[in-house]
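Peer 1: In UniProt numbering, the protein residues as written are 1 to 491.
Think of the CB as a built atom: it goes at the ideal place given N, C-alpha and C, for glycine as much as any other residue.
Owing to the predicted nature of the structure, the values given are computational and were not obtained by experimental measurement.
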């Protein structure tokens, strides 16, 4: 459960809800029994008369549940009596070779596939918003930080695309998780199968899984525990990324005149005592909720400790549902925040020029002009120490002061004085933030050519993620239509 929301953006600015609708235990109980009817009829394990009775019973149960006449079943033990009451006791043959163990393992596997896809849809919302932000601020130069201290000028798009890469890696992990666990437990029985010749391949096909689980014990007793653990670990990584981004944002927002702004009407709230305050409630709520989800993820690891196989502690459907629902909500909120970010370009440049984050470029340019790197680096550090002591910045320093400190540096180091290698224009070009970022020549840098390459690459990866989600939804919808049509043919 997530926390109280202090604010909510107005004017329908919040990101859309997920296109993925996670089913219910009852939904999957119907599908599993329908698939059992179809498969067993095909294998000659069920008479046409009993298949017709079961199909009719299952359809009537679904209708009555939809109309509120019966409650949705949460276990097979609660489901079966109603089914047999309508189909007749002879229809209980449908359960030969099955168990609540493999049925509920299949329910959980099916629901968890849908939950993984929903979290992937949340990531898609985030990376789409990040991509749009990077495009919007493609040429914007801002300060970048290491160890909490201004380090170098950078393009904001470069920073944003780095987060895109990180979120897309998490999407890849979840896609791999989905692929690993897209296996069907049905037919594994209690834990080691059955003497009843069930067609497990056909059951997996009818239920939309890639294949049956290859080991019956793993299917019912182990995989159902390791999937939630892996899913929780992926979720924890996502929440860490969200809070890392928000921490960066909050450092700037706390300034009297921040260079990064959140332009979402209704995202702040006022103080009861301090009229000037505009507290970023929407951001604070998102950060807290990401931490809440992170706390939830830790419970899976703790419950896994010293847990014997076959125990249900890890497979609680309500807890898994809550984790995935809350994780999607955090991602949805975060994507809304990202969509509302705007950069004050002039203020960002002033922030860069209030410090000497250009110093590395001075050292590099001196080295390019014939000095060894350590001497170049030593002078740059020496000069910045002087500049900070005198209250000088790149905006108010003059070239004569640079030359004076050049001589002072050589005198202090007992080195033979040599002419300063840079002209006045070359020196001031070296401390120009825009020139610095554009002069980068390595792969993955912030220069325009590389930003464009990364934008194109990111756009392609986002498209692939969208195709994965749409492909799953289309395939699953087709699977349910085909299963439903087969059942209708029996009635």
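Can you tell which of 356, 414, 370, 375 has the C-alpha that lies nearest to the C-alpha of residue 389?
Peer 2: Mapped onto the chain shown, residue 389 falls at position 389. Checking every option, the nearest Cα to that of residue 389 belongs to 356.
Peer 1: Closer than 7 Å by C-beta to residue 448: which residues in its own chain qualify, once you throw out the five before and the five after it? Chain order, please.
Peer 2: Walking along the chain shown from the start, residue 448 turns up at place 448. So the list reads 438, once near-sequence residues are dropped.
Peer 1: Have a look at the DSSP bridge pairing and note the partners of residue 192.
Peer 2: Within the chain shown, residue 192 is the residue found at index 192, counting from 1. Paired residues: none, contrary to the question.
Peer 1: Please specify which runs of the alpha helix (DSSP H), each continuous and at least 4 residues long, are wholly inside the segment 411 to 467, giving them in chain order.
Peer 2: Runs found: 424 to 430, 433 to 438.
Peer 1: Among 361, 342, 189, whose alpha-carbon lies nearest the alpha-carbon of residue 433?
Peer 2: The sequence position of residue 433 within the chain shown is 433, counting from 1. Cα-wise, what sits closest to residue 433 is 361.
Peer 1: Is there contact between the segment 115 to 122 and the segment 457 to 470, where contact requires at least three CB pairs shorter than 8 Å?
Peer 2: The answer is yes - the segment 457 to 470 touches the segment 115 to 122, with three or more Cβ pairs under 8 Å.
Peer 1: Along the chain, where does the beta strand (DSSP E) containing residue 30 start, and where does it finish?
Peer 2: For the purposes of this step, residue 30 is taken as the residue at position 30 of the chain shown. Taken as a continuous stretch (DSSP letters only), residue 30 belongs to no beta strand (DSSP E), being part of the alpha helix (DSSP H) at 25 to 42.
Peer 1: Output the boundary residues of the beta strand (DSSP E) element that contains residue 146.
Peer 2: In the chain shown, the residue the question calls residue 146 occupies position 146. Counting along the chain, the beta strand (DSSP E) containing residue 146 begins and ends at 141 to 146.
Peer 1: Which partner residues of residue 212 appear in the DSSP bridge assignment?
Peer 2: Reading the chain shown from its first residue, position 212 is the one you call residue 212. 184, per the DSSP bridge assignment.
Peer 1: Residue 152 bridges to which residues according to DSSP?
Peer 2: For the purposes of this step, residue 152 is taken as residue 152 along the chain shown, with counting starting at 1. According to DSSP, which records beta bridges pairwise, residue 152 is partnered with 144.
Peer 1: Rounded to the nearest angstrom, what separates residue 294 and residue 235 at their Cα positions?
Peer 2: Taking the first residue of the chain shown as 1, we reach residue 294 at position 294. Taking the first residue of the chain shown as 1, we reach residue 235 at position 235. Roughly 8 Å between the two C-alpha positions.
Peer 1: For residue 209, which residues of its own chain have a beta-carbon under 7 Å away from its beta-carbon, when the five flanking residues on both sides are left out?
Peer 2: Indexing the chain shown from 1 puts residue 209 at position 209. Closer than 7 Å at Cβ, skipping near neighbours: 182, 183, 184.
Peer 1: Starting from residue 86, trace the alpha helix (DSSP H) both ways and give me its first and last residue.
Peer 2: For the purposes of this step, residue 86 is identified with residue 86 of the chain shown, where counting begins at 1. Note, residue 86: alpha helix (DSSP H), 76 to 87.
Peer 1: Report the three-state DSSP secondary structure of residue 343 (helix, strand or coil).
Peer 2: Taking the first residue of the chain shown as position 1, residue 343 is located at position 343. Here residue 343 sits in strand by DSSP.
Peer 1: Quick one: using the 10 Å Cβ neighbour count with 16 as the cut-off for buried, is residue 477 buried or exposed?
Peer 2: Against the chain shown, residue 477 aligns to sequence position 477. When all chains shown are included, residue 477 counts as exposed.
Peer 1: Could you name the residues that DSSP lists as bridge partners for residue 260?
Peer 2: On the chain shown, position 260 is the one that residue 260 refers to. According to DSSP, which records beta bridges pairwise, residue 260 is partnered with 343.
Peer 1: When you compare each of 113, 91, 424 to residue 47 by their alpha carbons, which one comes out closest?
Peer 2: As a working mapping, residue 47 is identified with position 47 in the chain shown. The candidate whose alpha carbon is nearest that of residue 47 is 91.
Peer 1: State buried or exposed for residue 283, treating a residue as buried only when at least 16 other CB atoms are found within 10 Å of its CB.
Peer 2: Along the chain shown, one-based indexing puts residue 283 at 283. Residue 283 is buried by the Cβ-count criterion.
Peer 1: Indicate whether the contact test is met: 3 or more Cβ pairs, each with one atom in the segment 64 to 79 and one in the segment 236 to 253, closer than 8 Å.
Peer 2: The segment 64 to 79 vs the segment 236 to 253: no contact.
Peer 1: Residue 490 and residue 51 - do their beta-carbons sit closer together than 8 Å?
Peer 2: As a working mapping, residue 51 is identified with position 51 in the chain shown. As a working mapping, residue 490 is identified with position 490 in the chain shown. Yes, the Cβ-Cβ distance between residue 51 and residue 490 is below 8 Å.
Peer 1: Could you spell out the range, first to last residue, of the alpha helix (DSSP H) harbouring residue 244?
Peer 2: In the chain shown, residue 244 corresponds to position 244, counting from 1. Taken as a continuous stretch (DSSP letters only), the alpha helix (DSSP H) holding residue 244 covers 223 to 253.
Peer 1: For my contact list, residue 376 and residue 367 are in at a C-beta cut-off of 8 Å; report their separation, rounded to the angstrom.
Peer 2: Stepping through the chain shown from its first residue, residue 376 is reached at position 376. Stepping through the chain shown from its first residue, residue 367 is reached at position 367. Right, the Cβ-Cβ distance comes to about 5 Å (below 8 Å), so this counts as a contact.
Peer 1: Might you give, ordered along the chain, the residues of its own chain that have their beta carbon closer than 6 Å to the beta carbon of residue 338, omitting 5 neighbours on each side?
Peer 2: By 1-based counting over the chain shown, the position of residue 338 is 338. Contacts found: 129, 130, 133.
Peer 1: Taking only the alpha-carbon atoms, compute the straight-line gap between residue 162 and residue 79 and give it to the nearest angstrom.
Peer 2: As a first step, residue 162 is located in the chain shown; it is residue number 162 there, counting from the start. As a first step, residue 79 is located in the chain shown; it is residue number 79 there, counting from the start. Whole-angstrom Cα-Cα distance: 49 Å.
Peer 1: Kindly indicate which three-state DSSP category residue 21 falls into: helix, strand or coil?
Peer 2: For the purposes of this step, residue 21 is identified with residue 21 of the chain shown, where counting begins at 1. In this structure, residue 21 counts as coil in the three-state DSSP scheme.
Peer 1: CB residue 429 to CB residue 126, shorter than 8 Å?
Peer 2: Walking along the chain shown from the start, residue 429 turns up at place 429. Walking along the chain shown from the start, residue 126 turns up at place 126. No, the Cβ-Cβ distance between residue 429 and residue 126 is not below 8 Å.
Peer 1: Looking at C-alpha atoms only, which residue of 316, 66, 407 is the closest neighbour of residue 386?
Peer 2: Counted from its first residue, the chain shown places residue 386 at position 386. Residue 386 has its Cα closest to that of 407, out of 316, 66, 407.
Peer 1: For my contact list, residue 232 and residue 102 are in at a C-beta cut-off of 8 Å; report their separation, rounded to the angstrom.
Peer 2: Against the chain shown, residue 232 aligns to sequence position 232. Against the chain shown, residue 102 aligns to sequence position 102. Wrong, their Cβ atoms sit about 23 Å apart, outside the cutoff.
Peer 1: For a quick check, are the C-beta atoms of residue 242 and residue 252 less than 8 Å apart?
Peer 2: Taking the first residue of the chain shown as 1, we reach residue 242 at position 242. Taking the first residue of the chain shown as 1, we reach residue 252 at position 252. For residue 242 and residue 252, no; Cβs fall outside 8 Å.
Peer 1: Cα separation between residue 17 and residue 374?
Peer 2: Counted from its first residue, the chain shown places residue 17 at position 17. Counted from its first residue, the chain shown places residue 374 at position 374. Whole-angstrom Cα-Cα distance: 55 Å.
Peer 1: Here's the rule I'm using: 16 or more other beta-carbon atoms within 10 Å means buried, otherwise exposed. How should residue 296 be labelled?
Peer 2: On the chain shown, position 296 is the one that residue 296 refers to. Buried, because 16 or more other Cβ atoms sit within 10 Å of the Cβ of residue 296.
Peer 1: Quick check: the segment 307 to 323 against the segment 221 to 229, are there 3 or more CB pairs under 8 Å?
Peer 2: Judged by Cβ distances under 8 Å, the segment 307 to 323 makes contact with the segment 221 to 229, as three or more pairs qualify.
Peer 1: Spatial neighbours of residue 56 within its chain, please: CB distance less than 6 Å, with the 5 preceding and 5 following residues excluded, ordered by chain position.
Peer 2: Along the chain shown, one-based indexing puts residue 56 at 56. Cβ neighbours of residue 56 beyond the five flanking positions: 491.
Peer 1: Spatial neighbours of residue 61 within its chain, please: C-beta separation below 8 Å, excluding the five flanking residues on both sides.
Peer 2: For the purposes of this step, residue 61 is taken as the residue at position 61 of the chain shown. Cβ neighbours of residue 61 beyond the five flanking positions: 30, 70, 82, 83, 86.
Peer 1: Can you give the beta carbon distance from residue 94 to residue 41, rounded, assuming they're within the 8 Å contact cut?
Peer 2: To locate residue 94, count along the chain shown from 1; it is residue 94. To locate residue 41, count along the chain shown from 1; it is residue 41. With 8 Å as the limit, residue 94 and residue 41 do not qualify as a contact, their Cβ atoms being about 10 Å apart.
Peer 1: How would you write the range of the alpha helix (DSSP H) that residue 136 sits in, first residue to last?
Peer 2: As a first step, residue 136 must be located in the chain shown, where it is residue number 136. Residues 100 to 136.
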